[in-house]
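Residue numbers (our numbering): 107 to 598. What follows is a set of notes on a single structure, which appears directly below.
So, in structure tokens, the structure goes:
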């Protein structure tokens, strides 16, 4: 049962309270790069739709990523004409960079974004944000691959989209159906905790955010959408795909090594029924039993194959000892990672040493069984040997699980003091750079500094705290999110 309130802990989900008049509940970001032609009709159409159908106050934010045409002037005119429209200017390209900057500065409790071409039908916007307003979900995404979605696009983009999502499912075990649809929303309290862990500033930003959210146990709501492809899109497909695959490799490696502090992004006790403390039932026992059985079945098969191979050139006792030793090392490593969730290299040698002690007990059981069989029958059949070994291994497996759970991999989460990660340190003691820090704390002299000409409140606050609703009417100086990172791709 989790009862602590660490810096990364999210508050329990609740329906958003009624906001004061004029305070936006929803902030819709439109990231643009050289969109002087499409920007005005997009913003006017979106504003008309929200004004007509959305029951709460809202804001539309135009996030301009270093446009070189008249996009800034068009955005300025729209902001002057429409009270709910504001502009945000960055001097560096990258959709992820734009979303991170605007979402981090916004005071709206629900944050969303959509592409400027409005390929997604706007009737899906209210179903997208409703689960976030009600407190049911943490993030929401539009899906073009849901069964009830209606999509019009060419076979090339259809193939690329489905292939990419298959890669995510196979490599990162992603369960969401569509990572790249430009139609997403997130609660602000979740964004404040999750965004510091997202490293990408380009097109992979969406995927990385969703993978980390899913691995942290956050709830992602999917909305089927009606989507029509934009034939004038200037996205460089090959370059984008290459960068996305690099991102998949980077995130997969970080998850495999346990270098992401995902345990700090969690809901407190009482929000998730799986977190409730049930008397006399050890936590995680069912999941550990399933994982142990799967690993045990594979280890037993591996052991029998090794035994049959070693038996060709050695006696039964020698073959049994060698096969059990090799399979025991593999079994301990697999259970360490998959059954008991121990990541990283810390304590690996000690765990293997303890596993060898458990191996000795198993060796005594199986060797004793073979000795008893040889005493009863001078020339036992190979099939009989295997049957005896399977029975002895079943008995050893039960004992192995108990020893693993109680001695080798005990659950010390409630007894030990919380381990402070670089992310926690940064929240308490100032700027500490890690591979997953967004490096907002300082900029080098040669870097350009973006400016914001919108009434945002950037006063630091912790996740779950409400903004005071005041918007200082001044130009705010922001530091680059990842100064060393650049994005050379076209933005749309």
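Using N, Cα and C, we set each Cβ at its ideal position, and we do this for glycine too. Keep in mind it's a predicted model, so treat the numbers as computed, not measured.
Boundaries of the beta strand (DSSP E) harbouring residue 290: 289 to 293, taken from the DSSP string. Sixteen is the threshold: when 16 or more other Cβ atoms of the shown chains lie within 10 Å of the Cβ of residue 331, as they do, the residue is buried. Counting C-beta pairs with one atom in each stretch, the region 170 to 180 and the region 195 to 209 have three or more that are closer than 8 Å, which means they touch. Boundaries of the beta strand (DSSP E) harbouring residue 333: 332 to 334, taken from the DSSP string. Residue 305 counts as buried, since no fewer than 16 other beta carbons sit within 10 angstroms of its beta carbon. Within the DSSP bridge table, the entry for residue 170 names 138, 195 as partners.
One Cα belongs to residue 510, the other to residue 490, and the distance between them is close to 29 Å. In this structure, the straight-line span from the alpha carbon of residue 217 to that of residue 443 is close to 36 Å.
Looking at the backbone, the Cα of residue 117 and that of residue 402 are separated by about 39 Å.
When C-alpha distances from residue 245 are compared across 310, 215, 255, the shortest belongs to 215. Here residue 311 is not near residue 248, since their CB atoms are 9 Å or more apart. Boundaries of the alpha helix (DSSP H) harbouring residue 482: 454 to 482, taken from the DSSP string. Measuring C-alpha to C-alpha distances from residue 155 to each of 142, 230, 143, 209 identifies 230 as the nearest. Residue 152 is not a Cβ neighbour of residue 177, given a cutoff of 9 Å. Taking the Cα of residue 454 as reference, the smallest distance to any Cα among 473, 515, 478 is reached at 515. Shown here for residue 321: same chain residues with a beta carbon closer than 7 Å to its own, the five before and five after excluded, namely 361, 368 in chain order. With a contact defined as Cβ atoms closer than 8 Å, residue 498 and residue 472 qualify at about 4 Å.
Distance between residue 434 and residue 119, taken at the CA atoms: about 44 Å. Going by beta carbons, residue 507 and residue 395 fall inside the 9 Å limit. The continuous beta strand (DSSP E) containing residue 257 extends over residues 256 to 258.
Taking C-beta atoms under 8 Å as the contact rule, residue 250 and residue 333 qualify, at a distance of about 5 Å.
Between residue 336 and the set 407, 258, 307, 147, the nearest pair of CA atoms involves 258.
Around residue 301, the same chain offers 206 as residues with beta carbons nearer than 6 Å, after the five sequence neighbours per side are excluded. Straight-line measurement puts the Cα of residue 149 at about 10 Å from the Cα of residue 224. Annotation: the region 171 to 235 contains the following complete segments of the alpha helix (DSSP H) (minimum length 4 residues), in chain order: 177 to 187, 201 to 211.
In the DSSP annotation of this structure, residue 420 is not part of any beta strand (DSSP E), being labelled neither H nor E. Between residue 164 and residue 141, the beta carbon gap of about 21 Å keeps them out of contact (Cβ cut-off 8 Å).
Assignment of beta-bridge partners to residue 133 by DSSP yields 165, 217. Boundaries around residue 247 are those of the beta strand (DSSP E), 245 to 249, since no alpha helix (DSSP H) includes it. When 139, 481, 235 are compared, the shortest CA-CA separation from residue 202 is found for 139. The beta carbon of residue 457 is closer than 8 Å to those of 438, 442, 448, 514, 515 in its chain, skipping five residues each way along the sequence.
For residue 262, the enclosing alpha helix (DSSP H) stretches over residues 261 to 278.
Each residue's CA atom was taken as its position, placing residue 158 and residue 352 some 42 Å apart. With a beta-carbon spacing of about 5 Å, residue 136 and residue 168 fall inside the 8 Å limit used to define contacts.
When the Cα atoms are used, residue 295 and residue 325 turn out to be separated by approximately 14 Å. In terms of Cα proximity to residue 323, the closest of 425, 282, 363, 452 is 282.
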